[in-house]
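The opening position of the sequence shown corresponds to residue 65 in the working numbering, with each subsequent residue numbered one higher.
Data block below; observations after.
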Amino acid sequence: MVKSQSWLWSLIAVLVLAGGSYGVFVLFGEEPLPQGIVYGNGHIEGREVRIAAEVAGRVIEHHLAEGSKVSAGDTVAVIDPADARDRLRSAQAELASAREVRDGFDSQITTWRHHLKNAEKQRQRIRDLRSRNLASSSDLDQAENAVSEARGRLESLQRQKDAAEEQVAARAAQVALAESQLDKAEVAAPLSGTILIRAVETGEVVDTGQPLATMVNLQQLELKVYVPGDILNRISLGDPARIRVDGLPGDFSAKVGRIDDFAQFTPRDVHMPDERVRMVYGVTLVLDNPADALKPGMPADAWIRWDPDAEWPATLSVPAR
Numbered sequence: 065m066v067k068s069q070s071w072l073w074s075l076i077a078v079l080v081l082a083g084g085s086y087g088v089f090v091l092f093g094e095e096p097l098p099q100g101i102v103y104g105n106g107h108i109e110g111r112e113v114r115i116a117a118e119v120a121g122r123v124i125e126h127h128l129a130e131g132s133k134v135s136a137g138d139t140v141a142v143i144d145p146a147d148a149r150d151r152l153r154s155a156q157a158e159l160a161s162a163r164e165v166r167d168g169f170d171s172q173i174t175t176w177r178h179h180l181k182n183a184e185k186q187r188q189r190i191r192d193l194r195s196r197n198l199a200s201s202s203d204l205d206q207a208e209n210a211v212s213e214a215r216g217r218l219e220s221l222q223r224q225k226d227a228a229e230e231q232v233a234a235r236a237a238q239v240a241l242a243e244s245q246l247d248k249a250e251v252a253a254p255l256s257g258t259i260l261i262r263a264v265e266t267g268e269v270v271d272t273g274q275p276l277a278t279m280v281n282l283q284q285l286e287l288k289v290y291v292p293g294d295i296l297n298r299i300s301l302g303d304p305a306r307i308r309v310d311g312l313p314g315d316f317s318a319k320v321g322r323i324d325d326f327a328q329f330t331p332r333d334v335h336m337p338d339e340r341v342r343m344v345y346g347v348t349l350v351l352d353n354p355a356d357a358l359k360p361g362m363p364a365d366a367w368i369r370w371d372p373d374a375e376w377p378a379t380l381s382v383p384a385r
């Protein structure tokens, strides 16, 4: 009898414990996401841009403090312009010389045009005299030869001038290139953003194309999450999303900016609520970051609302693993 009562009390205790556990789960457990909202997670990313030298030379000045903000067009580094100035002066001198040569042909062409005009008049006068038997055929031949000589000389000078014009154009192009190279000695920020990495120091010699720094626009960041294929067709560009980052209060607003066209296996560092899902699609969320609170590399949770009629829940929960 005693054993029977002991077994009964043990059963009652188990039932009470199970009921209590279920009550705690119901009371404090996370509510499932409503239909029309899908969860994803990933890491905050920024579009990094490398600032590179467009001319070779020694860096004599830079403003590339890591973490500093720069605006598009700001001078962030200066490469010694001495060589570029020398090349510009040399190109300008060659251009001036080419112009002098071209202008010299102009005066000769003017002179021979006058000679040709006079020769043609003289030939016409001799032809008139010859028609009245007042000039010999020899006189007419001389007049014809004078016209031919003047015309040939004029054509030769014109060809030489055309060649001189090509030389002037070539020298002008060299001057423009030298001016461009001199301008590029001052390296400008290609966009507004924040310097992440400085890759050069004052006094270093750099080559053309060598990276000087890496910058990122922290005002507009991205978060790539992964969703299963059965949800992908319901998500559209521009769909709203909310982002949450550990350690930062509140949620950040975002929207769907890109959707991958191809599937891939679930990345190892990405948590999917349904672990049976193996093939997923990447969805890139674009979010503003006006206060620079978000930084590239931060892990983040995201909720995308693909159904415009769905209500955002009071509390966004992370699905159980």
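In this text, a Cβ means the ideal position worked out from N, Cα and C, and glycines have one as well.
Local Cβ density within 10 Å of residue i, reported as buried at 16 or more and exposed below that
i                 : result
lysine 288        : buried
asparagine 105    : buried
phenylalanine 326 : exposed
arginine 187      : buried
leucine 91        : The predicted model places leucine 91 with a pLDDT of 43, which falls under 50 and marks its position as unreliable, so this point remains unresolved.
glycine 110       : buried
alanine 162       : buried
isoleucine 143    : buried
proline 292       : buried
glycine 93        : With a pLDDT of 45 at glycine 93, under the threshold of 50, the modelled position of that residue is not reliable, and no figure is offered here.
leucine 221       : buried
Integer-rounded CB distance, given that residue j should sit under 8 Å from residue i
i              : j              : result
leucine 180    : arginine 215   : 6 Å
glycine 321    : valine 350     : 4 Å
isoleucine 299 : isoleucine 368 : 6 Å
serine 256     : asparagine 281 : 7 Å
aspartate 294  : glycine 100    : About 14 Å; that fails the 8 Å criterion.
isoleucine 190 : alanine 183    : Their Cβ separation, rounded to whole angstroms, is 10 Å, which puts isoleucine 190 and alanine 183 out of contact at 8 Å.
aspartate 373  : glutamine 283  : About 32 Å; that fails the 8 Å criterion.
valine 251     : alanine 364    : The Cβ separation is near 33 Å, so there is no contact.
Residue from the options with nearest C-alpha to residue i
i              : options                        : result
methionine 279 : Ile115, His127, Gly106         : Ile115
leucine 358    : Asp147, Asp371, Leu285         : Leu285
valine 344     : Asn297, Glu125, Asp352         : Asn297
tyrosine 290   : Leu312, Ala318, Asp352, Ala366 : Ala366
glycine 168    : Arg191, Leu241, Ala277, Lys225 : Lys225
alanine 129    : Val251, Glu265, Ala355         : Glu265
alanine 146    : Gly346, Thr379, Leu241, Ile124 : Ile124
alanine 263    : Pro275, Ala253, Ala252         : Pro275
glutamate 164  : Asp303, Arg217, Val232         : Val232
glycine 346    : Leu301, Gln222, Met362, Asp203 : Leu301
serine 132     : Ala364, Asp356, Leu380         : Asp356
lysine 185     : Pro304, Val134, Ala207, Arg196 : Ala207
alanine 236    : Pro354, Val134, Ala155         : Ala155
Through-space distance from residue j to residue i, alpha-carbon basis
i              : j              : result
valine 119     : arginine 177   : 49 Å
isoleucine 261 : isoleucine 307 : 27 Å
glutamate 230  : glutamine 172  : 18 Å
valine 102     : aspartate 310  : 19 Å
proline 360    : threonine 258  : 11 Å
leucine 159    : aspartate 271  : 28 Å
aspartate 205  : glutamine 238  : 50 Å
leucine 246    : alanine 234    : 18 Å
glutamate 219  : glutamate 243  : 36 Å
valine 211     : threonine 174  : 16 Å
valine 382     : proline 98     : 12 Å
alanine 249    : valine 269     : 13 Å
arginine 122   : arginine 153   : 20 Å
arginine 151   : glycine 267    : 22 Å
alanine 228    : alanine 277    : 45 Å
glycine 87     : tryptophan 376 : Legend: pLDDT at glycine 87 = 47, less than 50; position of this residue unreliable, value from coordinates given subsequently. C-alpha separation (whole angstroms): 26 Å.
valine 140     : arginine 166   : 42 Å
alanine 384    : histidine 107  : 19 Å
glycine 137    : leucine 241    : 20 Å
aspartate 112  : aspartate 170  : Looking at the sequence shown, residue 112 is not aspartate but glutamate. Cα to Cα, glutamate 112 sits roughly 56 Å from aspartate 170.
glycine 273    : alanine 253    : 15 Å
histidine 126  : alanine 378    : 50 Å
asparagine 209 : serine 202     : 10 Å
methionine 362 : alanine 157    : 57 Å
arginine 149   : arginine 223   : 34 Å
aspartate 303  : lysine 319     : 5 Å
Ignoring anything shorter than 3 residues, give me the beta strand (DSSP E) runs that lie fully in the region 110 to 188, in order along the chain.
112 to 116, 121 to 126, 139 to 143, all fully within the region 110 to 188.
Curious, which full-length beta strand (DSSP E) runs of at least 3 residues does the region 264 to 337 contain?
Within the region 264 to 337, the complete beta strand (DSSP E) runs of at least 3 residues fall at 275 to 280, 284 to 292, 304 to 308, 316 to 329.
I'd like the ranges of any beta strand (DSSP E) spanning at least 3 consecutive residues and lying wholly in the region 200 to 243.
Runs of the beta strand (DSSP E) inside the region 200 to 243: none found.
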